[in-house]
Amino acid sequence: MKKLLLLFLFSACCLISAAQDNIDDALAFQYYQQGQYEEAVVLLEKLFTRTKSDAYFDLYYNALIKLKRLDEAEKIVKKLTKQSPQNLHYTIAFARLYQEKGETAASNKKYAEAINNMPANDMKIRELANIFYSFQNYDLAISTFLQGRKILNDNQAFTYDLLSIYRFKKDKNMLIQEYLNALAAMPELLPQAESVLSNVFEDNADYQLLQAALLKKIQKEPQVETYTKLLIWQYLQQQDYEMALRQLIAQDKRTKDDGAILFNSANTFLANQAYLTAIKAYEYLVGKGKESPYFLPAKVEMINAKYELVISGKFEQQAISDLATAYYSIIDEFGLTARTVFALKKWANLQAYYLNEPGKAEKALESALLIPGLSKPDLGQIKLDLGDIYILTQQPWEAFLVYEQVAKQFENQVGGNEAHYRSAKLSYYQGNFAYAKSQADVLKASTSQLIANDALNLSLLISDNLQSTVDSNALKMYADAEMLLFRNRNTEALHKLDSIAITYPANSLTDDILMAKSRIFTKNSDIGNAVKMLQELIDKHATSIWADDALFTLAELYEKTLKDNEQAKVLYQKLINDYSGSMYTTEARKRFRKLRGDNIGT
């Protein structure tokens, strides 16, 4: 019974002691973190004395150093070194004492001895490096790992440790070198390398540093495909799509790939409006022959890329005709089915808006509605396109009916809201401003931000310009100009816009006219005049409903067309700062960070 009682009392004491240690541990760490070293050192001394833990020693010793209690620190470390001469923590503590006293030579000698005398044991090497890391001497931690590689005769050892330190230090050059050292043996590191480097890099010079290092590596080790992949990624980050394509084609030929990587990259070129580069990529894939799995997808996307190129600026009639023929050849070859209806839609668009054949487009889309197997969204979109063409063929009532059909079929959905908006815009074109505004006001609460923003702009455009007879008449002329622009009659639209100020010199549409003209100039590839219109709007109409649109559009022109990233950053930053509630703010912040070199994927 007495033995049981003693055992119980002993166990209880152990539990109480452990609980007290936990309390002291938490409190000591809190004091240390907050820089209250006087309070921390008392608790840490007690914890170290009781446990002899190296972790507690490091904190205890660091606290003494922070308090400049060097004599006390020296006394303790001498005693501990005699007791445990093999303990690296005490050896390094001695070297730090020399360092704190200003005896640099002696300190460096001790550090060098510790590093050079490491055993061929990765745990011991990592332990020493972690000691250096614990008192923020990262260079010594790096030296330890590099010496460890020599001792172990393993050039891949401690890769993750070194990457972590270089990343923490933002040592871009060494981070690049370490990734290149690792990627040959560990290609699975490539996604991490891309993510980390994009996060650490700040400007184009950093990417150039990577490019130079990669080209040297590729010259020495051309068989390492991972280097080529990283180089392609670097070119894509730099938006140097032509160089990226060259590398992609060379890689495809070398590896005899099925074309998947090249096809996905071509889609990236297309998404970034590098139409000519995208077309070259698709042409290469088509050239691989019909047996290639990407032959048909590449052929289709090549035509789509040509379509985007043609409609992005001034268009030549022959180019449009050739493009229409290319789309129709898909229908001739594969028949008119749910899979090829996309080609018919593009063909109809070209006929209606570029070849002055809206009647052909109307018949084509009406026939498309009869194709079996079409999905409901596809049917809805065809009807919306058909409604637009009814406007061109001067059948506004037919257009209204089609829009209403789609609106009812997709009520409270994006497609339905789009139909309501087009119906409101039709009323606006016809001068029925009151009805158009009432429709737009309902759509301001749409779940689609784009539709909601367009509806808000239409509502404000009408309400702001119906204050007087002059403004109302000017608005009718402006609506006529927008109708001409809708019909792709750009020159006539410009003349109409210019005539508004002549006919109604005191009108309130100046900012709207500037925005409309900038769109026409951009569409006609007259970038100089487009920039001029947008800049005037920004400078003279800062409170306009178009001010944020103008800023974003101008920034995008500088970024993607004029290739002036610095000016683009200035404009994106102004949009973020001055128009925080704009629908463009999130995208502007994303693009600003990308131009600055941040990792926008996080």
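Just so we're aligned: the sequence shown equals residues -19 to -1, 1 to 583 in mature numbering (1 follows the signal peptide of the UniProt record, and there is no 0).
The beta-carbon is built from N, C-alpha and C at its ideal position, and this holds for glycine as well.
*asked:* Considering just the uninterrupted stretch of the alpha helix (DSSP H) at Thr207, what are its terminal residues?
replied: One-based indexing of the sequence shown puts residue 207 at position 226. Element bounds for Thr207: Glu206 to Gln218.
*Please classify residue 588: does DSSP put it in a helix, a strand, or coil?*
Look at the range of the chain in this structure, -19 to 583, and you will see that residue 588 is not part of it.
*Do you know whose CA, among Leu475, Glu175, Lys197 and Leu331, lies nearest Ser293's CA?*
The residue given as residue 293 occupies position 312 in the sequence shown. Among Leu475, Glu175, Lys197 and Leu331, the Cα nearest to that of Ser293 is on Leu331.
*asked:* In chain order, what are the residue ranges of uninterrupted alpha helix (DSSP H) at least 4 long that sit wholly in the segment 484 to 514?
replied: 491 to 504
*Endpoints, alpha helix (DSSP H) assigned at Glu338*: Against the sequence shown, residue 338 aligns to sequence position 357. Run containing Glu338: none; DSSP gives neither H nor E here.
_If distances are taken between C-alpha atoms only, which option among Ile311, Arg107 and Leu325 comes closest to Leu346?_
Residue 346 sits at position 365 when you count from the first residue of the sequence shown. Comparing Cα positions, the closest option is Leu325.
*Can you tell me the Cα-Cα spacing of Glu463 and Arg574, whole angstroms?*
Along the sequence shown, read from residue 1 onward, the residue named residue 463 stands at position 482. Along the sequence shown, read from residue 1 onward, the residue named residue 574 stands at position 593. Each residue's Cα considered, the two are about 35 Å apart.
_Close beta carbons around Asn136, own chain, < 8 Å, minus the five adjacent residues each side_ = Within the sequence shown, numbered from 1, the residue matching residue 136 stands at position 155. The residues are Arg130 and Asn162.
_With distance defined between alpha-carbon atoms, name the residue in His476, Ile372, Leu576 and Arg403 nearest to Val387._
Indexing the sequence shown from 1 puts residue 387 at position 406. Of the candidates His476, Ile372, Leu576 and Arg403, the one whose C-alpha sits nearest the C-alpha of Val387 is Arg403.
*Relative to the alpha-carbon of Glu399, which residue among Leu178, Ile557 and Ser429 has its alpha-carbon at the smallest distance?*
One-based indexing of the sequence shown puts residue 399 at position 418. Considering only alpha carbons, the answer is Ser429.
_Would you call the segment 465 to 475 in contact with the segment 423 to 439, where contact means no fewer than 3 C-beta pairs closer than 8 Å?_
no
*Identify which residue in Leu40, Gln215 and Met155 has its Cα closest to the Cα of Gln117.*
Counting from one through the sequence shown, the residue named residue 117 turns up at place 136. Per the Cα distances, Leu40.
*Which same chain residues, not among the five before or five after Leu69, have their C-beta less than 8 Å away from its C-beta?*
Taking the first residue of the sequence shown as position 1, residue 69 is located at position 88. Excluding residues within five positions, the ones whose Cβ falls inside 8 Å are Ala95, Lys105, Glu108, Leu109 and Ile112.
*Report the option in Ala405, Gly412, Ile363 and Lys357 whose CA atom is closest to the CA atom of Phe391.*
By one-based count along the sequence shown, residue 391 stands at place 410. That would be Lys357, whose Cα lies nearest to the Cα of Phe391.
*Roughly how many angstroms separate the alpha carbons of Lys49 and Tyr114, rounded to a whole number?*
For this step, residue 49 is matched to residue 68 along the sequence shown. For this step, residue 114 is matched to residue 133 along the sequence shown. Each residue's alpha carbon lies about 20 Å from the other.
*Is the Cβ-Cβ distance between Ile526 and Leu441 less than 9 Å?*
As a position in the sequence shown, residue 526 is number 545, starting the count at 1. As a position in the sequence shown, residue 441 is number 460, starting the count at 1. It is a contact, given that the beta carbons lie within the stated cut-off.
_Closest to Ala455 by C-alpha separation, out of Leu351, Glu314, Arg235 and Ile494, would be which residue?_
For the purposes of this step, residue 455 is taken as residue 474 along the sequence shown, with counting starting at 1. With distances taken between Cα atoms, Ala455 lies closest to Ile494.
*asked:* Please give me, in chain order, every unbroken run of the alpha helix (DSSP H) with length at least 4 that falls completely inside the segment 113 to 186.
replied: 119 to 133, 140 to 150, 153 to 164 and 171 to 181
*Just the C-alpha distance for Gln266 and Ile230, rounded to the nearest angstrom, thanks.*
Here residue 266 refers to the residue found at position 285 of the sequence shown. Here residue 230 refers to the residue found at position 249 of the sequence shown. According to the sequence provided, residue 266 is Leu. The question's Gln does not apply to it. Straight-line Cα distance between these residues: approximately 9 Å.
_Three-state secondary structure (DSSP) of Glu517_ = Here residue 517 refers to the residue found at position 536 of the sequence shown. The answer is helix: DSSP assigns Glu517 an H, G or I state.
*Beta-carbon separation of Lys457 and Gly412 under 9 Å?*
For the purposes of this step, residue 457 is identified with residue 476 of the sequence shown, where counting begins at 1. For the purposes of this step, residue 412 is identified with residue 431 of the sequence shown, where counting begins at 1. Going by C-beta atoms, Lys457 is nearer than 9 Å to Gly412.
*Does the segment 267 to 277 come within contact of the segment 239 to 253, defined as at least 3 CB pairs closer than 8 Å?*
yes
*Apply the 10 Å Cβ neighbour rule to Asp492 and answer buried if 16 or more other Cβ atoms are within range, or exposed otherwise.*
Position 511 of the sequence shown holds residue 492. With 16 or more other Cβ atoms within 10 Å, it is buried.
_Reduced DSSP category for Gly368 - H, G, I as helix; E, B as strand; rest coil_ = The residue given as residue 368 occupies position 387 in the sequence shown. In the structure shown, Gly368 sits in a helix (DSSP, three-state: H, G or I).
*Count the C-beta pairs between the segment 145 to 153 and the segment 170 to 181 that are closer than 8 Å, then say yes if the count reaches three, no if not.*
yes
*Residue burial classification, Asn134 (beta-carbon count within 10 angstroms, cutoff 16)*: As a position in the sequence shown, residue 134 is number 153, starting the count at 1. Asn134 is exposed by the Cβ-count criterion.
*Are the CB atoms of Glu540 and Leu576 nearer to each other than 9 Å?*
Here the question's residue 540 lines up with position 559 in the sequence shown. Here the question's residue 576 lines up with position 595 in the sequence shown. Their beta carbons are under 9 Å apart, which means Glu540 touches Leu576 by this criterion.
*Span of the alpha helix (DSSP H) holding Trp378?*
For the purposes of this step, residue 378 is taken as residue 397 along the sequence shown, with counting starting at 1. Element bounds for Trp378: Pro377 to Gln390.
*What is the DSSP secondary structure of Leu(-14), reduced to helix, strand or coil?*
Along the sequence shown, one-based indexing puts residue -14 at 6. With a pLDDT of 34 at Leu(-14), under the threshold of 50, the modelled position of that residue is not reliable, and the figure given next carries that caveat. The answer is helix: DSSP assigns Leu(-14) an H, G or I state.
*For Ser246 and Ile443, the rounded distance between their alpha carbons*: Start at 1 with the first residue of the sequence shown, and residue 443 comes out as number 462. Start at 1 with the first residue of the sequence shown, and residue 246 comes out as number 265. Rounded to the nearest angstrom, the two C-alpha atoms are 44 Å apart.
*Hey, Ala333 and Ile370 are a contact pair by Cβ (cut 8 Å); roughly how many whole angstroms apart?*
As a first step, residue 333 must be located in the sequence shown, where it is residue number 352. As a first step, residue 370 must be located in the sequence shown, where it is residue number 389. Sure, about 5 Å apart at Cβ, within 8 Å.
*Could you give the residue range of the alpha helix (DSSP H) that holds His70?*
For this step, residue 70 is matched to residue 89 along the sequence shown. Looking at the DSSP string, the run of the alpha helix (DSSP H) that includes His70 is Leu69 to Glu81.
*Buried or exposed by the 16-neighbour rule on C-beta atoms within 10 Å, applied to Asp530*: Your numbering for residue 530 matches position 549 in the sequence shown. By the neighbour-count rule (16 or more Cβ atoms within 10 Å), Asp530 is buried.
*What's the C-alpha gap between Ile157 and Leu195?*
Indexing the sequence shown from 1 puts residue 157 at position 176. Indexing the sequence shown from 1 puts residue 195 at position 214. Taking the straight line joining both Cα atoms gives about 9 Å.
_Gln543, DSSP secondary structure in three states_ = Position 562 of the sequence shown, counted from the first residue, corresponds to residue 543. The question names Gln, but residue 543 in the sequence shown is Leu. In the structure shown, Leu543 sits in coil (DSSP, three-state: anything other than H, G, I, E or B).
*Would you please state the rounded distance, in angstroms, between the beta carbons of Tyr288 and Lys341? I believe it to be under 8 Å.*
If you number the sequence shown from 1, residue 288 lands on position 307. If you number the sequence shown from 1, residue 341 lands on position 360. Wrong, their Cβ atoms sit about 17 Å apart, outside the cutoff.
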